[in-house]
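For reference, the structure discussed in these notes is given below.
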Amino acid sequence: MRTSDEELMMKCRNGDMSAFELIVMRYKDLITNFIYRSIGDYHRAEDLAQETFLRVFRGANRYEPKCQFKNWLYLIATNLCRNEIRDRKRRNTTYLDDLVPDSEEVSYFELMQDVSQLPDEVYEKKEQQIIIQQTINRLPENQRLALLLVSYQNLRYDEIAEVLECSVSAVKSLIHRARQNMKTLLIEIGIGESSHAKV
Amino acid sequence: MLKCENVQPQLSAYVDREMPLWTIQLIQWHLKRCPSCARETMRLRQTNKILHQLDPVKTSDNFLPDLMRRAAAITVIEKERVSAVRRILRRLESSFAWMLYSFRTRGRPYAVVTSLAVLATVVSITLYQPRLTLLSNDTVTLAQAPTDKQALLVEFEIVSINQFPKPHLSSNRRTSPLTPVDPHQAR
Ligand SMILES: [Zn+2]
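Protein chains in written order, with the working numbering: chain A, 721 to 919; chain B, 203 to 389.
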C-alpha cells in the first residue's frame, strides 16, 4: 500500500530523511514543471524547486495533517513563483535563452538556429512551444498561476483556491479569463482558430 | 431556459467539469441549441489542447542528491541549536498531531483505544507523588543553568528594583552603596 503524503510528512517531522526523499521523488518533476511554466526559465525553476522542498523540510514541524500536503506544497511553490515574477518585472528581464531545458546560456536566435538543423516537424514543434510559453508569460500573475495549476497540475478548483488563497468562485473567474486571454493572444500570433472560422 | 450571458462565464468550468452534473446537463442542452456558445466552448477546448502541446520537463540527475545534501546540512545545524528538551517537546507535539490525524483517518474504535491509553497515563502520573527533597535539589541546579529565559528574568528583577525602590530604602538612598541610583533623579 502506498504511504500517503501526510503520513510521510509526519515521519519527516521526526527527522526521517528517507520519508523526505520519498516526498521529493513524488513531486520533484511536477513542481519543477509548474515553476518552469510560471516563470519560463528552466535553470531558475530547478533552483526554486529545490528551495520549495527545503522550505517543506524546514517547515515540517509546523505542518498540520489537517491540510492536504499537496496544497501546502503548491502554496510554497506559488509564493516563490510570485516573488520571482515580481523580481523579474522589476528588473524587466525575460529569459528567452532558458526556454528550453537542455540549452546552456544560448540566446533565442542561437536556439532557433540550433533547432533549424532539425527535421521540419521537430523544428516547428520547438518553435511553437517557445511561442506558447511566451504567451503564458504574458498573462497576469494570478491568471497564469491558476491556468497552470488546472492545465498541467490537474488540481481541482477548490484545491487551487487553497493554493492561491482565494475563493472557488474567484478561481473560476481567474481560469475563465486566463483561457480567454490565452485564446485571444494565440489567435493574434496565428496559433489557434480565428473568431470567424467555421465550427 | 438559460441565456447566453449566463452560460458564457460558466464555459471554462464546464470544460473542466467543475460543476454539478445537473448544471453540466443544462449547459449541454443550451450548447445543442446555441451555435455561438458551442463555438466558444470549442475554442476553449482548443486552447487547452494547445497548452498541452508543451512537453513536460524533468529535473536534472543531480537534483535529488543536491537537495538531500542541503537538507542534511540543515539537520546538522538544527541538531546543534535545538536543546534536548526542545527536541522531546517537538516529538511530543508531533505524536499529538499524529494522533489527531489517526482519529480522522482510522475512525472511532482507534480513537477510543488511544483515549483510554492517554487516560491511563494521565491517571498514573497524577497518582505518582514526587519526593520534595529531590525536586528542590533540581530547582537549585536549574537556577544555576544560565538559560536565556532565566537571564531575562534576572534582568527584569533588577529593573523593577531600579524603578520601584522600596519605601524603607528611599530614606537612606544616598548612603547605601547597595541601592541603585534612581534614573529620574540622576537626570
Ligand atoms: Zn448561447
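For each residue, glycine too, the CB sits at the ideal point set by N, CA and C.
8 Å contact criterion, which residue i and residue j should meet: CB distance rounded
{"i": "valine 891 of chain A", "j": "tyrosine 877 of chain A", "result": "5 Å"}
{"i": "glutamate 861 of chain A", "j": "arginine 802 of chain A", "result": "6 Å"}
{"i": "valine 883 of chain A", "j": "threonine 798 of chain A", "result": "6 Å"}
{"i": "serine 898 of chain A", "j": "glutamine 849 of chain A", "result": "As written in the sequence, residue 898 of chain A is alanine, which differs from the serine given in the question. Actually they do not touch by this definition, with Cβ atoms about 19 Å apart."}
{"i": "phenylalanine 789 of chain A", "j": "leucine 868 of chain A", "result": "That belief does not hold up - the Cβ atoms of phenylalanine 789 of chain A and leucine 868 of chain A are roughly 19 Å apart, past 8 Å."}
{"i": "valine 209 of chain B", "j": "isoleucine 229 of chain B", "result": "6 Å"}
{"i": "isoleucine 856 of chain A", "j": "arginine 757 of chain A", "result": "6 Å"}
{"i": "phenylalanine 773 of chain A", "j": "isoleucine 276 of chain B", "result": "Not quite, the Cβ-Cβ distance comes to about 11 Å (not below 8 Å), so this is no contact."}
{"i": "methionine 730 of chain A", "j": "alanine 274 of chain B", "result": "Methionine 730 of chain A to alanine 274 of chain B, Cβ: 20 Å. No contact."}
{"i": "serine 304 of chain B", "j": "arginine 733 of chain A", "result": "Rounded, the Cβ-Cβ distance is 14 Å, inconsistent with contact."}
{"i": "cysteine 239 of chain B", "j": "leucine 213 of chain B", "result": "7 Å"}
{"i": "asparagine 901 of chain A", "j": "leucine 859 of chain A", "result": "6 Å"}
For residue i, three-class secondary structure by DSSP
{"i": "valine 820 of chain A", "result": "In this predicted model, valine 820 of chain A has a pLDDT of only 41, less than 50, meaning its place in the structure is not dependable enough to derive any value."}
{"i": "lysine 234 of chain B", "result": "helix"}
{"i": "threonine 723 of chain A", "result": "coil"}
{"i": "asparagine 734 of chain A", "result": "coil"}
{"i": "lysine 790 of chain A", "result": "helix"}
{"i": "serine 758 of chain A", "result": "helix"}
{"i": "aspartate 878 of chain A", "result": "helix"}
{"i": "threonine 261 of chain B", "result": "coil"}
{"i": "leucine 906 of chain A", "result": "helix"}
{"i": "cysteine 206 of chain B", "result": "helix"}
{"i": "serine 887 of chain A", "result": "coil"}
{"i": "glutamine 900 of chain A", "result": "helix"}
{"i": "isoleucine 850 of chain A", "result": "helix"}
{"i": "histidine 763 of chain A", "result": "helix"}
{"i": "asparagine 803 of chain A", "result": "helix"}
{"i": "arginine 271 of chain B", "result": "helix"}
{"i": "glutamate 242 of chain B", "result": "helix"}
{"i": "arginine 219 of chain B", "result": "coil"}
{"i": "phenylalanine 358 of chain B", "result": "Confidence at phenylalanine 358 of chain B is low in this model, with a pLDDT of 47, below 50, so its placement is unreliable and the value that follows should be read with caution. Note: phenylalanine 358 of chain B maps to helix in three-state DSSP."}
{"i": "leucine 256 of chain B", "result": "coil"}
{"i": "isoleucine 911 of chain A", "result": "coil"}
{"i": "tyrosine 747 of chain A", "result": "helix"}
{"i": "proline 311 of chain B", "result": "helix"}
{"i": "glutamine 873 of chain A", "result": "coil"}
{"i": "leucine 728 of chain A", "result": "helix"}
{"i": "glutamate 295 of chain B", "result": "helix"}
For residue j and residue i, the rounded distance between their alpha carbons
{"i": "isoleucine 907 of chain A", "j": "tyrosine 312 of chain B", "result": "58 Å"}
{"i": "aspartate 817 of chain A", "j": "glycine 760 of chain A", "result": "With a pLDDT of 39 at aspartate 817 of chain A, under the threshold of 50, the predicted position of this residue should be treated as unreliable, and no value is reported."}
{"i": "histidine 232 of chain B", "j": "aspartate 749 of chain A", "result": "40 Å"}
{"i": "aspartate 822 of chain A", "j": "isoleucine 796 of chain A", "result": "Low local confidence applies: a pLDDT of 39 at aspartate 822 of chain A is under 50, so the model's placement there is unreliable, with the coordinate-based value given in what follows. Taking the straight line from one Cα to the other gives about 26 Å."}
{"i": "asparagine 264 of chain B", "j": "aspartate 767 of chain A", "result": "12 Å"}
{"i": "alanine 769 of chain A", "j": "glutamate 844 of chain A", "result": "29 Å"}
{"i": "valine 325 of chain B", "j": "alanine 319 of chain B", "result": "10 Å"}
{"i": "glutamate 220 of chain B", "j": "arginine 247 of chain B", "result": "14 Å"}
{"i": "isoleucine 880 of chain A", "j": "isoleucine 327 of chain B", "result": "46 Å"}
{"i": "cysteine 236 of chain B", "j": "aspartate 218 of chain B", "result": "20 Å"}
{"i": "lysine 260 of chain B", "j": "glutamate 771 of chain A", "result": "17 Å"}
{"i": "isoleucine 805 of chain A", "j": "histidine 896 of chain A", "result": "21 Å"}
{"i": "tryptophan 300 of chain B", "j": "lysine 251 of chain B", "result": "42 Å"}
{"i": "leucine 728 of chain A", "j": "lysine 903 of chain A", "result": "40 Å"}
{"i": "glutamine 255 of chain B", "j": "threonine 249 of chain B", "result": "10 Å"}
{"i": "methionine 203 of chain B", "j": "proline 258 of chain B", "result": "42 Å"}
{"i": "arginine 810 of chain A", "j": "glutamine 853 of chain A", "result": "20 Å"}
{"i": "leucine 294 of chain B", "j": "asparagine 781 of chain A", "result": "11 Å"}
{"i": "arginine 306 of chain B", "j": "leucine 291 of chain B", "result": "23 Å"}
{"i": "arginine 764 of chain A", "j": "glutamate 741 of chain A", "result": "21 Å"}
{"i": "arginine 271 of chain B", "j": "serine 889 of chain A", "result": "42 Å"}
{"i": "glycine 912 of chain A", "j": "proline 785 of chain A", "result": "43 Å"}
{"i": "tyrosine 794 of chain A", "j": "isoleucine 751 of chain A", "result": "8 Å"}
{"i": "serine 317 of chain B", "j": "leucine 329 of chain B", "result": "18 Å"}
{"i": "methionine 244 of chain B", "j": "glutamate 841 of chain A", "result": "25 Å"}
{"i": "leucine 905 of chain A", "j": "tyrosine 783 of chain A", "result": "40 Å"}
{"i": "glutamate 847 of chain A", "j": "valine 278 of chain B", "result": "47 Å"}
{"i": "serine 724 of chain A", "j": "tyrosine 747 of chain A", "result": "13 Å"}
{"i": "valine 308 of chain B", "j": "asparagine 812 of chain A", "result": "The amino acid occupying residue 308 of chain B in the given sequence is arginine; valine does not appear at that position. Cα to Cα, arginine 308 of chain B sits roughly 52 Å from asparagine 812 of chain A."}
{"i": "leucine 800 of chain A", "j": "valine 314 of chain B", "result": "42 Å"}
{"i": "arginine 288 of chain B", "j": "serine 262 of chain B", "result": "37 Å"}
{"i": "phenylalanine 366 of chain B", "j": "asparagine 791 of chain A", "result": "Its pLDDT being 49, under 50, phenylalanine 366 of chain B is placed unreliably in this model, and the value from its coordinates should be taken loosely. Cα-Cα distance, rounded: 54 Å."}
- Report the residues of the stretch 244-264 of chain B with a CB closer than 8 Å to any CB of chain A, ordered along the chain. Met244, Arg245, Leu246, Gln248, Thr249, Asn250, Ile252, Leu253, His254, Gln255, Leu256, Asp257, Pro258, Val259, Lys260, Thr261 and Ser262
- Query: For the stretch 267-280 of chain B, which residues have a CB atom closer than 8 Å to at least one CB atom of chain A, in sequence order?
  - Reply: Listed by position, the residues of the stretch 267-280 of chain B near chain A (Cβ gap below 8 Å) are Asp268, Leu269, Met270, Arg272, Ala273, Ala274, Ile276 and Thr277.
- Interface residues of the stretch 862-891 of chain A facing chain B [CB-CB below 8 Å]: Leu867, Val870, Ser871, Tyr872, Arg876 and Tyr877
- Item | chain B contacts made by the stretch 740-762 of chain A, where a contact means CB separation under 8 Å | Phe740, Glu741, Val744, Met745, Lys748, Asp749, Thr752, Asn753, Tyr756, Arg757 and Tyr762
- Query: Between the stretch 777-811 of chain A and chain B, which residues of the former have CB atoms less than 7 Å from a CB of the latter, in chain order?
  - Reply: Phe777, Arg778, Asn781, Glu784 and Pro785
- Name, going along the chain, the residues of the stretch 727-740 of chain A whose beta-carbon falls closer than 9 Å to a beta-carbon of chain B. Glu727, Met730, Arg733, Asn734, Gly735, Met737 and Phe740
- Going along the stretch 220-238 of chain B in order, which residues come within less than 7 Å of chain A, judged by CB to CB distance? Glu220 and Pro237
- Query: Got a sec: which bits of the stretch 290-303 of chain B sit with their beta carbon under 9 Å from any beta carbon on chain A, in order along the chain?
  - Reply: Those would be Arg292, Arg293, Glu295, Ser296, Ser297, Ala299, Trp300, Leu302 and Tyr303, in chain order.
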